[in-house]
Amino acid sequence: MNIVEIVIVFLQLSFFGIFVAFNPMLLVSELLIILRSKRPLLFSLVFIMGASIPLIVIAAIGAAIFKEDTVIRPFGSDIKLSPFLNVLIGVILLLVSVRLFFNGKISTAHKVSKNSANNMSIWALFWFAFFRSALSFTSIIGIVAAAKVIKDYTDNYFVSLLGLFWTILIGMLPFWGLLGYSIKRPESIKVIENKIDPILNINYKNSIRWVLLIAGVFFIFRGLINISN
-18 MNIVEIVIVF LQLSFFGIFV AFNPMLLVSE LLIILRSKRP LLFSLVFIMG
32 ASIPLIVIAA IGAAIFKEDT VIRPFGSDIK LSPFLNVLIG VILLLVSVRL
82 FFNGKISTAH KVSKNSANNM SIWALFWFAF FRSALSFTSI IGIVAAAKVI
132 KDYTDNYFVS LLGLFWTILI GMLPFWGLLG YSIKRPESIK VIENKIDPIL
182 NINYKNSIRW VLLIAGVFFI FRGLINISN
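In the numbering used here, the protein residues as written are -18 to 210.
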């Protein structure tokens, strides 16, 4: 890859990292830990570790799945499925976004207690973060999409892992940033406590469907260009 392609890839991976970072419930849970736990630093580190591990596992699997092109040979000619996978991913994202757009009235968000995070033990927090991250639709799509983008440029498994770890790093920046800010400005972050309820109970479906729509169009467009070439 030349320098321009490297920059383009990292910009795309950074975008998908932002996609991975879109997990409001985990962010607010970390904020509650910082505000109310007797050992906020230790509990926050365990919480971040729990959220990171499933992303690393998904990244490793994604890098392995997209390591080589799958080739089919209809009528004696070779067709690589890589562009078709782009289109397939795009169509899936597009269908999900359309379903969200036409699903009628957005339902009211579930109420969340301020005490839900800080009543947990350290291992309960770890597994809570682990499963919330592992089952996050945006995180899975972000990692898989990043793996597919990397595959379009290189088959090197090590390079693919580096790119995916960059995506995860971007995705985890809000968590590290919140922890760092709480250490540097502990008094300032307490001001947020009175605003936790509105943040907890926002329904994020509207934002998610627009992100899915844009990502779906992007992958379909990318796949069609590759097919035409």
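We put the beta carbon where it would ideally sit given N, CA and C, even for glycine.
Small disclaimer: the values here were computed from a predicted structure and weren't measured.
Span of the alpha helix (DSSP H), counted from its first residue to its last, around residue i
i	result
L159	138 to 165
K19	It is not in any alpha helix (DSSP H) - K19 carries neither H nor E in the DSSP assignment.
S(-5)	-16 to 2
L213	No answer is possible for residue 213: it lies beyond the span of the chain, which begins at -18 and ends at 210.
Reduced DSSP secondary structure (H/G/I, E/B, other) of residue i
i	result
F83	coil
S102	coil
P5	helix
K92	Caution is warranted here: a pLDDT of 46 is assigned to K92, below 50, making its placement in the model unreliable, and the coordinate value is therefore given only provisionally. Looking at K92 - three-state DSSP - the assignment turns out to be coil, as it is neither helix nor strand.
Through-space distance from residue j to residue i, alpha-carbon basis
i	j	result
A128	F3	18 angstroms
G71	R166	42 angstroms
I(-11)	F111	31 angstroms
L160	P21	9 angstroms
A41	L143	10 angstroms
L13	R190	27 angstroms
L(-8)	I34	23 angstroms
I39	A32	12 angstroms
I206	V68	10 angstroms
I195	S120	16 angstroms
L74	L193	5 angstroms
F82	K19	43 angstroms
A115	Y162	26 angstroms
G158	A44	27 angstroms
N(-17)	F118	33 angstroms
I103	I131	36 angstroms
G197	V140	25 angstroms
V1	M30	15 angstroms
L154	R80	30 angstroms
L16	G204	46 angstroms
Spell out a yes or no on whether the segment 25 to 32 and the segment 141 to 148 are touching, meaning 3 or more CB-CB pairs, one atom from each, closer than 8 angstroms.
No, because fewer than three Cβ pairs between the segment 25 to 32 and the segment 141 to 148 fall closer than 8 angstroms, the two stretches do not touch.
Inspect the CB distances between the segment -4 to 14 and the segment 135 to 143 and report whether three or more fall short of 8 angstroms.
Not touching, per the Cβ criterion.
Do the segment -8 to -1 and the segment 112 to 130 meet, that is, are 3 or more Cβ pairs less than 8 angstroms apart?
Result yes; three or more Cβ-Cβ pairs closer than 8 angstroms.
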